[in-house]
Amino acid sequence: MQRDLFEEEHRLFRETVREFLAREVAPHHDRWEKDGIVPREVWKRAGEIGMFGFGVPEEFGGAGITDFRYNAVIVEEVMAIGATGLGYSLHNDVMAPYFVDLTNDEQKARWLPGFASGELITAVAMSEPGAGSDLQGIRTTAVRDGDHYVVNGQKTFITNGINSDLVVVVAKTDPDAGARGISLLVVERGMEGFSRGRNLEKIGMHAQDTAELFFDNVRVPAANLLGPQEGQGFFQLMANLPQERLSIAVMAVAAAETVLQTTIEYCKNRTAFGRSIGGFQNARFVLAELDTEVDIARLYVDRCILALNAGELTAVDAAKAKWWTTELQTKVIDRCLQLHGGYGYMMEYPVAKAWMDSRVQTIYGGTTEIMKEIIGRSFGF
Ligand SMILES: Cc1cc2nc3c(=O)[nH]c(=O)nc-3n(C[C@H](O)[C@H](O)[C@H](O)COP(=O)(O)OP(=O)(O)OC[C@H]3O[C@@H](n4cnc5c(N)ncnc54)[C@H](O)[C@@H]3O)c2cc1C
296 MQRDLFEEEH
306 RLFRETVREF
316 LAREVAPHHD
326 RWEKDGIVPR
336 EVWKRAGEIG
346 MFGFGVPEEF
356 GGAGITDFRY
366 NAVIVEEVMA
376 IGATGLGYSL
386 HNDVMAPYFV
396 DLTNDEQKAR
406 WLPGFASGEL
416 ITAVAMSEPG
426 AGSDLQGIRT
436 TAVRDGDHYV
446 VNGQKTFITN
456 GINSDLVVVV
466 AKTDPDAGAR
476 GISLLVVERG
486 MEGFSRGRNL
496 EKIGMHAQDT
506 AELFFDNVRV
516 PAANLLGPQE
526 GQGFFQLMAN
536 LPQERLSIAV
546 MAVAAAETVL
556 QTTIEYCKNR
566 TAFGRSIGGF
576 QNARFVLAEL
586 DTEVDIARLY
596 VDRCILALNA
606 GELTAVDAAK
616 AKWWTTELQT
626 KVIDRCLQLH
636 GGYGYMMEYP
646 VAKAWMDSRV
656 QTIYGGTTEI
666 MKEIIGRSFG
676 F
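Every letter in the sequence shown is one number past the one before it in the working numbering, and letter 330, counting from 1, is 625.
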């Protein structure tokens, strides 16, 4: 179905992004998968062509445009080449609202130029070994001491965990105050007592650095608190999570579509019993069902992007987009792998890597079960 989401400027931007990825990313991604990380220079080069911080005001080196369609273009192009190691969407789609909307003028001047240039890589550290879905169960603390907070605790599964320079750490500033006792503090690379643990070994997304972080009496200036006062962190997270979930949904549909197209080609070319695989009604029916579902998913997600741009995307609609598209993605890729036969299990075929990379999509950013809780609670039970 014809998409009507994008305009001429997005199409031009897509060409720039596609050309950049073909030149700077695609030829190297296999090596980065083995290294377990993407070199920082690739971030800077992406920054040079304006891939970061569209919403960053021009005076701080951004484009000053709030339009999630640009974010979607990047995510779609990245997924079209399976470059799952790039943490760009975490930086652009997830972290931008924290750094653009929650910062004061002094913080903007300190952080936004580097954010937009790709010199300051960002991350968000919510999850801990003992608490993921249950955010209020975190144990990291930030105790006020004069002009500083003293941060102690441990985080895990942090995307861009090794490469990040600015980490938004979710910590308890008042452990007895429940949701009102949580605050967001920016911990910076090099602060004493802040260390990185392992770059975690994952099922897929091998080029993405996902790490443990440790905080041992880290003295973080009070000037690094996000928002005008402490105790707002939980609500700041809740306000930004719909955009994070929409980004994952865009990724899900783009990945599913990419694998579907390569599988259709594969089914045209591979033969068995004297005919192409696509000559079997089963293959045609499977592909027809998947293609229909991906089309429908795309329309819902496109509508969510417009709603986000209009400031109207609700937590419930974002939850619907996140769980349904990511479950669809894993189904599409699994069925496509089946249509590849034994070749689908071989890493030299893109479907095999896509299968491994996709599995996490129903987990991070809030699991499918938590998304259904959000939707179910909206009925007033
Ligand atoms: C590759 C990767 C990257 C990640 N990146 C980040 C990051 O950058 N920053 C960050 O902070 N975190 C990140 N995470 C963490 C991720 O957000 C959590 O793993 C996720 O929220 C689930 O938390 P958990 O792993 O503690 O699982 P748990 O919360 O222990 O859940 C275990 C199971 O119980 C289910 N469950 C839990 N509560 C309920 C409930 N109320 N009702 C029904 N079922 C429930 C869950 O759905 C799940 O199936 C990342 C994780 C991965 C794997």
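Cβ atoms here follow ideal geometry from the backbone N, Cα and C, with glycine treated the same way. Being a predicted model, the structure only gives us computed values, none of them experimental.
Endpoints, beta strand (DSSP E) assigned at residue i
{"i": "Y444", "result": "443-454"}
{"i": "R491", "result": "489-494"}
For residue i, the first and last residue of its enclosing alpha helix (DSSP H)
{"i": "E371", "result": "363-375"}
{"i": "A418", "result": "Per DSSP, A418 belongs to no alpha helix (DSSP H); it is in the beta strand (DSSP E), 417-420."}
{"i": "M666", "result": "663-672"}
{"i": "K329", "result": "324-330"}
{"i": "I591", "result": "576-604"}
{"i": "D652", "result": "645-653"}
{"i": "G389", "result": "One point to set straight first is that residue 389 is Val, not Gly, in the sequence displayed. No alpha helix (DSSP H) holds V389; DSSP gives it neither H nor E."}
{"i": "T620", "result": "610-634"}
{"i": "P408", "result": "400-412"}
{"i": "K339", "result": "335-343"}
{"i": "T311", "result": "303-315"}
With 16 other Cβ atoms within 10 Å as the buried cut-off, status of residue i
{"i": "I453", "result": "buried"}
{"i": "Q503", "result": "buried"}
{"i": "R540", "result": "buried"}
{"i": "S384", "result": "buried"}
{"i": "L307", "result": "exposed"}
{"i": "M641", "result": "exposed"}
{"i": "I360", "result": "exposed"}
{"i": "F568", "result": "exposed"}
{"i": "P645", "result": "buried"}
{"i": "N366", "result": "buried"}
{"i": "D652", "result": "buried"}
{"i": "F363", "result": "buried"}
{"i": "I369", "result": "buried"}
{"i": "K617", "result": "buried"}
{"i": "K563", "result": "exposed"}
In DSSP terms, what residue i is bridged to
{"i": "P516", "result": "H443"}
{"i": "R570", "result": "A567"}
{"i": "K467", "result": "T436, I477"}
{"i": "F510", "result": "G448, F489"}
{"i": "E483", "result": "L461"}
{"i": "Q544", "result": "With the sequence shown as reference, residue 544 is identified as Ala, and Gln is not the correct amino acid for it. Beta-bridge pairing links A544 to no other residue."}
{"i": "A426", "result": "E423"}
{"i": "T505", "result": "T454"}
Residue i: CB within 7 Å of a non-hydrogen atom of ligand 1
{"i": "M421", "result": "yes"}
{"i": "T625", "result": "no"}
{"i": "V463", "result": "no"}
{"i": "K497", "result": "yes"}
{"i": "S428", "result": "yes"}
{"i": "M500", "result": "yes"}
{"i": "Y659", "result": "yes"}
{"i": "E668", "result": "yes"}
{"i": "L300", "result": "no"}
{"i": "F452", "result": "yes"}
{"i": "T505", "result": "yes"}
{"i": "A418", "result": "yes"}
{"i": "I559", "result": "no"}
{"i": "L385", "result": "yes"}
{"i": "V482", "result": "no"}
{"i": "I332", "result": "no"}
{"i": "E664", "result": "yes"}
{"i": "V373", "result": "no"}
{"i": "V370", "result": "no"}
{"i": "V446", "result": "no"}
{"i": "V513", "result": "no"}
{"i": "V581", "result": "no"}
{"i": "V655", "result": "yes"}
Any chain C beta carbon closer than 8 Å to residue i
{"i": "V596", "result": "The structure shown contains no chain C, having only a single protein chain."}
Practice problem: Decide yes or no for the touch test of the region 454-462 against the region 429-439: beta carbon pairs closer than 8 Å, at least 3 of them. | Solution: Verdict: no, contact absent.
Exercise. Could you say if the region 463-483 and the region 604-623 meet the contact criterion of at least three C-beta pairs nearer than 8 Å?
Key: Taking 8 Å as the limit for Cβ pairs, the verdict is that the region 604-623 does not touch the region 463-483.
Quiz item: Quick check: the region 372-383 against the region 327-339, are there 3 or more CB pairs under 8 Å?
Solution: Look at the beta carbons and you see the region 372-383 touching the region 327-339: at least three pairs across the two are nearer than 8 Å.
Quiz item: If you pair each beta-carbon of the region 556-572 with each one of the region 397-414, do three or more pairs fall below 8 Å?
Solution: No: the two stretches stay apart, fewer than three of their Cβ pairs being nearer than 8 Å.
Exercise. Say whether the region 646-662 touches the region 538-553, bearing in mind that this needs 3 or more beta-carbon pairs closer than 8 Å, one atom from each stretch.
Key: Taking a contact to require three or more Cβ pairs closer than 8 Å, the region 646-662 and the region 538-553 qualify as touching.
Quiz prompt | Cβ contact (3+ pairs, closer than 8 Å) linking the region 351-360 and the region 520-529 | solution = Contact between the region 351-360 and the region 520-529 is absent: fewer than three C-beta pairs spanning the two stretches fall below 8 Å.
Quiz item: Looking at C-beta atoms only, is the number of pairs between the region 504-516 and the region 558-575 that lie closer than 8 Å three or more?
Solution: Look at the beta carbons and you see the region 504-516 not touching the region 558-575: under three pairs across the two are nearer than 8 Å.
Quiz item: Should the region 385-393 be regarded as contacting the region 314-330, the criterion being three or more beta carbon pairs within less than 8 Å?
Solution: Between the region 385-393 and the region 314-330 there are fewer than three C-beta pairs closer than 8 Å, too few to call the two in contact.
Practice problem: Say whether the region 627-638 touches the region 470-478, bearing in mind that this needs 3 or more beta-carbon pairs closer than 8 Å, one atom from each stretch. | Solution: No, the region 627-638 is not in contact with the region 470-478.
Quiz item: Does the count of Cβ pairs from the region 592-599 and the region 516-524 closer than 8 Å reach three?
Solution: A contact is defined here as three or more CB-CB pairs under 8 Å, and the region 592-599 fails this definition with respect to the region 516-524.
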